[in-house]
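Engineer:
There are 2 protein chains.
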Amino acid sequence: MVQSSGLHDQLSATFAALADPTRRAILARLASGDRSVTELAEPFDMSLPAVSKHLRVLERAGLIARSREAQWRPCRIKAAPLKEVAAWTERYRHIWEQRLDRLDVYLQELQSKQRKERQHGRKSRGK
Amino acid sequence: MVQSSGLHDQLSATFAALADPTRRAILARLASGDRSVTELAEPFDMSLPAVSKHLRVLERAGLIARSREAQWRPCRIKAAPLKEVAAWTERYRHIWEQRLDRLDVYLQELQSKQRKERQHGRKSRGK
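Which chain is which? The protein sequence lines are H and L, in order.
Heads up: take any position in the first sequence, counting from 1, add 1, and you land on the numbering used here.
Heads up: take any position in the second sequence, counting from 1, add 1, and you land on the numbering used here.
1) Have a look at L:Pro-50 and H:Arg-30 and give me their C-alpha separation to the nearest angstrom.
2) Skipping 5 residues on each side, what residues in its chain have a beta carbon closer than 6 Å to that of H:Ala-14?
3) Which residues bound the alpha helix (DSSP H) around H:Ala-87?
4) What separation, rounded to the nearest whole angstrom, lies between the Cα atoms of H:His-121 and H:Arg-103?
5) Relative to the C-alpha of L:Ala-17, which residue among L:Glu-91, L:Arg-94, L:Arg-57 is closest?
6) Anything in chain H within Cβ reach of L:Trp-73, meaning under 8 Å, just list it in chain order.
7) Just checking my contact of H:Asp-35 with H:Arg-77 at CB under 8 Å: how many whole Å lie between their CB atoms?
8) Do L:Val-52 and L:Leu-41 have their C-beta atoms within less than 7 Å of each other?
9) Is there at least one Cβ from chain H nearer than 7 Å to L:Leu-56's Cβ?
10) Which residues bound the alpha helix (DSSP H) around H:Ala-29?
11) With a threshold of 7 Å between beta carbons, is H:Thr-90 in contact with chain L?
12) Which first and last residues belong to the alpha helix (DSSP H) in which L:Arg-67 is found?
13) Please name the residue, chosen from H:Ser-33, H:His-95, H:Lys-54, that lies closest to H:Thr-23 on a Cα-to-Cα basis.
14) Compute the Euclidean distance between the alpha carbons of H:Ile-65 and H:Trp-73, then round it to the nearest angstrom.
15) Which residue marks the beginning of the beta strand (DSSP E) containing L:Arg-77, and which one marks its end?
16) Going by DSSP, what residues sit across from H:Arg-36 in a beta bridge?
17) By Cβ distance, which residues of its chain are closer than 7 Å to H:Thr-90, with the 5 residues on each side in sequence left out?
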């Protein structure tokens with residue numbers, strides 16, 4: 002029997018946190034450097050508490066950390082859960098690559114068929 | 002202003018569908034070949050309707066497709082959304098690689114310091 006590890010495993014928490022375009026946009030901004038909550042809120046048409054709520058979800062999932070030292074408490078991206086997501090998707094790479102390979106074989110067969118038809122056409126006209 | 006594309010964009014739907022260990026276990030089984038709902042339900046301590054509910058979430062997110070032709074309606078994994086997730090995580094690869102590089106530099110410095118200390122120790126004893 003496959004044991005379900007519950008909804009609160011790390012990977013599930015990461016995927017749930019990433020299932021929101023605002024949270025992904027916040028991560029994209031943090032990828033270029035640490036930012037304060039006010040700086041992060043700027044580009045969004047959202048209140049500071051709404052942004053803080055998203056930051057709490059990201060923090061609980063371990064995707065960001067907030068400094069406790071500096072007065073402005075900068076947010077920092079933490080890449081470990083994203084690395085785990087990348088490793089998880091790698092298990093499926095062979096599927097999309099195989100399907101692309103099959104498409105490639107099909108297109109090559111199609112091209113070869115067309116080439117033969119053209120050659121046959123030329124020979125027929127040459128007779 | 003950053004425009005939020007809403008909760009129903011493809012990537013959010015994919016992440017939400019993946020935020021469950023049972024759904025990820027179903028995908029893992031489908032990675033080795035098409036399966037019927039009954040076959041998919043087997044390893045789980047779940048009712049058929051509960052498994053069907055998970056399959057509907059996966060189907061809506063475009064992660065699986067169910068054949069309408071065969072009597073047993075086999076489920077098939079669809080890799081396109083997983084490829085999209087892989088491409089999304091790639092944008093963050095430089096972050097975890099940079100941090101690993103920095104750790105590497107730190108460890109090399111530590112080793113070099115220890116080596117110097119050992120050499121210095123030998124010289125002192127040699128005097």
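Backbone N, C-alpha and C define an ideal beta-carbon position, used for all residues, glycine too.
All of these numbers come straight from a predicted model, not from anything done at the bench.
Structural biologist: Put simply:
1) Locating residue 50 of chain L in the second sequence gives position 49, where the first residue counts as 1. Locating residue 30 of chain H in the first sequence gives position 29, where the first residue counts as 1. Near 42 Å, if we compare the C-alpha coordinates of H:Arg-30 and L:Pro-50.
2) Taking the first sequence and counting its residues from 1, one reaches residue 14 of chain H at position 13. Excluding five sequence positions before and after H:Ala-14, the CB atoms of its chain that fall closer than 6 Å to its own CB belong to Ala-62, given in chain order.
3) By one-based count along the first sequence, residue 87 of chain H stands at place 86. Counted as a single uninterrupted DSSP element, the alpha helix (DSSP H) harbouring H:Ala-87 occupies residues 81-91.
4) Walking along the first sequence from the start, residue 121 of chain H turns up at place 120. Walking along the first sequence from the start, residue 103 of chain H turns up at place 102. Taking the straight line joining both Cα atoms gives about 27 Å.
5) Stepping through the second sequence from its first residue, residue 17 of chain L is reached at position 16. Residue L:Arg-57 is the option with its Cα nearest to L:Ala-17.
6) The sequence position of residue 73 of chain L within the second sequence is 72, counting from 1. Ordered by position in chain H, no residue passes the 8 Å Cβ test against L:Trp-73, which lies about 21 Å from the chain.
7) Against the first sequence, residue 35 of chain H aligns to sequence position 34. Against the first sequence, residue 77 of chain H aligns to sequence position 76. Their Cβ separation, rounded to whole angstroms, is 5 Å, which keeps H:Asp-35 and H:Arg-77 in contact under 8 Å.
8) Walking along the second sequence from the start, residue 52 of chain L turns up at place 51. Walking along the second sequence from the start, residue 41 of chain L turns up at place 40. Yes.
9) By 1-based counting over the second sequence, the position of residue 56 of chain L is 55. L:Leu-56 has a beta carbon lying at 7 Å or more from every beta carbon in chain H.
10) Residue mapping note: residue 29 of chain H aligns to position 28 of the first sequence, counting from 1. Its alpha helix (DSSP H) spans residues 22-31.
11) Here the question's residue 90 of chain H lines up with position 89 in the first sequence. With 7 Å as the cut-off, H:Thr-90 counts as an interface residue toward chain L.
12) As a first step, residue 67 of chain L is located in the second sequence; it is residue number 66 there, counting from the start. Unbroken run through L:Arg-67 is the beta strand (DSSP E), 65-67; no alpha helix (DSSP H).
13) On the first sequence, position 22 is the one that residue 23 of chain H refers to. Selected option, being the one with the closest Cα: H:Lys-54.
14) For the purposes of this step, residue 65 of chain H is identified with residue 64 of the first sequence, where counting begins at 1. For the purposes of this step, residue 73 of chain H is identified with residue 72 of the first sequence, where counting begins at 1. Using only the alpha carbons, I get a separation of about 15 Å.
15) The count along the second sequence starts at 1 and reaches residue 77 of chain L at position 76. Judged by DSSP secondary structure, L:Arg-77 falls within the beta strand (DSSP E) whose first and last residues are 76-78.
16) Taking the first sequence and counting its residues from 1, one reaches residue 36 of chain H at position 35. In DSSP, H:Arg-36 forms a bridge with H:Cys-76.
17) Within the first sequence, residue 90 of chain H is the residue found at index 89, counting from 1. Scanning its chain for C-beta atoms nearer than 7 Å, with the 5 sequence neighbours on each side dropped, one finds no residue around H:Thr-90.
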